[in-house]
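Take any residue in the sequence shown, note its place counting from 1, add 5, and you have its number in this note's numbering. In this text, a Cβ means the ideal position worked out from N, Cα and C, and glycines have one as well. Each remark here refers to the structure printed beneath this line.
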Amino acid sequence: MSQILTMNRSYVLISPCRNEAEYMKITLDSVLSQTILPSKWIIVDDGSTDETPKILAEYEMKYPFIQVVTRANRGRRSVGPGVIEAFYQGYNVINPMDFQYLCKLDLDLSLPPKYFEILIERMEENPKIATCSGKAYIKNGNRLIFERHGDDMSLGMTKFYRTTSFIDIGGFVSEVMWDGIDCHLCRMKGWIACSWDEPELRFIHLRPMGSSQNSIYTGRIRHGYGQYFMGTGLFFIIASSLFRLNQKPYILGSLAILWGWLKSAILLKPRYNNRDFRKYLRQYQWKILFWGKKRVLRKML
């Protein structure tokens, strides 16, 4: 299929990255193979110490729509707020209203060729969709393993947004669990956040969700803390942990999430400073516990 680029389908990618030399060429090439190319791609090198700067320089020289922004080396990988700080360093070099859509895109993914075309088509069909994505899978030999995510969320590694919606919710918060808070803020304001598990929207996540640089259990504990910070209630985090029991690492991964929440509660750690948001979140979660997520989502859509 010929590549299409039209003004009403223009989109900008913003990719924070640090030490992604192992995976980034796969992501770069999969974006360059899209049926609709980005109008602009801002890649923020967050102080890489591997071959990342060299690889980025090669692609920037070859493709005029790629622009690299370099940050000073902070000496470590910073997840959560650090990623959003890097994102906004890229965001601040553009005028977002020059683009119909924008996407925060990680550089450890392999995207199918019609990925962005299909997301744009879905948003054109339903103007209430603020943010959307496909679903992530992990390769295990010749098998693809589903990386479980709710249909009421766009995935943090590929947050595709209608620009006007992104501005309406105030963008991303520089906090842990930013990629859950934004979707709930969308719903609070009457927008839809969603993701679809379809063959042409399935992408490969080359680094599993929650696999921090220390260990996958550290990532799960961090997720539990993030849920606590966001405002998730005790009964919902218990139900969520039980739901993940058959997800690797079996049992221990679920216990790590629950422990992350409980430890944060015991230590009286601060929560997201938006009382209306936390009230809305609890109401939404209770609806899911009583009625089931599919039924709740059908009513919202």
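Handout entry: Inter-residue CB distance, D113 and T32 (contact presumed, cutoff 8 Å)
Key = 7 Å
Exercise for the section: Pull up the DSSP beta-bridge partners for W46, would you. Expected result: L18, I71
Handout entry: Separation of N97 from N131, as counted between CA atoms
Key = 28 Å
Handout entry: Opening and closing residue of the alpha helix (DSSP H) in which H228 lies
Key = 221 to 235
Handout entry: Spatial distance of P21 from L250 (CA atoms)
Key = 32 Å
Exercise for the section: Taking all protein chains shown into account, decide if R23 is buried (16 or more other Cβ within 10 angstroms of its Cβ) or exposed. Expected result: buried
Exercise for the section: Report the residue ranges of all beta strand (DSSP E) runs contained in full by the stretch 154 to 225; include only those spanning at least 3 residues, in chain order. Expected result: 163 to 167, 197 to 200, 207 to 210
Exercise for the section: Flag this pair as touching only if the stretch 192 to 207 and the stretch 154 to 173 have three or more C-beta atom pairs under 8 Å; answer yes or no. Expected result: yes
Problem - DSSP three-state assignment for D263, whether helix, strand or coil - result: According to the sequence shown, residue 263 is Leu rather than Asp. Helix, per DSSP.
Problem - Where T57 falls, given that 16 or more other Cβ within 10 Å makes a residue buried - result: buried
Problem - Straight-line gap, L211 to F104 (C-alpha atoms, nearest Å) - result: 28 Å
Problem - Contacts around R276, its chain only, beta-carbon distance under 8 Å, and the 5 residues preceding and following it disregarded - result: Scanning its chain for C-beta atoms nearer than 8 Å, with the 5 sequence neighbours on each side dropped, one finds around R276 the residues Y233, F234, M235, G236, R283, in chain order.
Handout entry: Residues of its chain near G265, where Cβ-Cβ distance is below 6 Å and the 5 sequence neighbours each way are ignored
Key = Close CB contacts of G265 within its chain, under the 6 Å cut and outside five residues either way in sequence, are with I226, G229, Y230 (chain order).
Handout entry: Coarse secondary structure for I111, derived from DSSP in three states
Key = According to the sequence as given, residue 111 is Asp; it is not Ile. Reduced to three states, the DSSP call for D111 is coil.
Exercise for the section: State the DSSP-derived secondary structure class of T57, mapped to helix, strand or coil. Expected result: Three-state result, T57: helix.
Handout entry: the stretch 115 to 126 contacting the stretch 25 to 42, beta-carbon criterion three pairs below 8 Å
Key = yes
Exercise for the section: May I have the straight-line CA-CA distance separating L263 from S245, to the nearest angstrom? Expected result: 9 Å
Exercise for the section: Give me the Cα-Cα distance between K292 and Y255, rounded to the nearest whole angstrom. Expected result: 27 Å
Exercise for the section: Tell me whether S246 sits in a helix, a strand or coil according to DSSP, three-state version. Expected result: helix
Handout entry: I256 in three-state terms, based on DSSP
Key = coil
Practice task
Give the straight-line distance between the Cα atoms of I71 and D187, rounded to the nearest whole angstrom.
Solution key: 26 Å
Exercise for the section: Figure out for me which residue from I19, Q39, I60 has the closest Cα to the Cα of M26. Expected result: Per the sequence presented here, residue 26 reads as Ala, with Met not at that position. For A26, the nearest C-alpha among the options comes from I60.
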